[in-house]
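Throughout the sequence shown, residue numbering follows the working numbering, covering 201 to 335 in sequence. For every residue, glycine included, the Cβ atom is placed at its ideal position computed from N, Cα and C.
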Amino acid sequence: MTKMLSAANALPRLIAPGTTRTLAQRMLSASAEIAAALPRGFYAPTALDILLTLYIAEDDARYLVAAELHLPGGPPTGVVDRWLTALAAEGLLDRQGELLALSAKGYDLVTAIVEAIHAAQRTLDVPCGPAPGDA
201 MTKMLSAANA
211 LPRLIAPGTT
221 RTLAQRMLSA
231 SAEIAAALPR
241 GFYAPTALDI
251 LLTLYIAEDD
261 ARYLVAAELH
271 LPGGPPTGVV
281 DRWLTALAAE
291 GLLDRQGELL
301 ALSAKGYDLV
311 TAIVEAIHAA
321 QRTLDVPCGP
331 APGDA
């Protein structure tokens with residue numbers, strides 16, 4: 201289910217385009233770094249981290265249980281459970297007993313988020329120009 205992303209107008213860019221899965225993994229890694237840098241409890245993107253984790257699991261054709269989420273910042277189990285309930289109520293994830301997976305609506309939402317982040321990053325990329333001294 202990975203979708204390829206491409207840079208606008210195909211000019212050489214400093215950051216190469218990747219897949220939606222790769223960008224989702226990078227977003228989770230960035231989230232973990234921020235969570236590690238801030239005092240415990242000051243960084244709480246739990247809902248997005250759950251969605252990104254399930255998105256990556258979907259690409260691996262895996263179903264997860266709540267204990268396998270390993271979210272950045274280590275939110276308390278009660279917080280994770282409340283987010284899982286809210287995400288399910290919103291129709292963004294499906295629960296089959298203990299197993300968790302994104303719903304089609306959730307998968308489409310995360311894909312849209314990742315694509316929007318990719319597009320925003322592309323606007324910040326600087327086209328590769330001549331190397332210093334090649335003027």
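D249: member of the alpha helix (DSSP H) spanning 246-259, first to last residue.
Inter-residue distance for K305 and A236 is about 31 Å (C-alpha atoms, whole angstroms). The beta carbon of D249 sits closer than 7 Å to the beta carbons of L228, S231, L271, P272 from its chain, once the five residues preceding and following it are set aside; these are given in chain order. The alpha-carbon separation between Y255 and V310 amounts to approximately 7 Å. In terms of Cβ geometry, V279 and L269 do not form a close pair [threshold 8 Å]. G291 and R322 have their C-alpha atoms some 31 Å from each other. For R322, the three-state secondary structure derived from DSSP is helix.
In the DSSP assignment, R295 falls within the unbroken beta strand (DSSP E) covering 293-296. Straight through space, the alpha carbons of L302 and A257 are spaced by roughly 9 Å. The Cβ atoms of A247 and L287 sit closer than 8 Å to each other. Nearest in C-alpha terms to D260, of all of G274, R221, A289, Y243, is R221.
Per DSSP, L228 lies in no beta strand (DSSP E) segment; the continuous alpha helix (DSSP H) that holds it begins and ends at 220-237.
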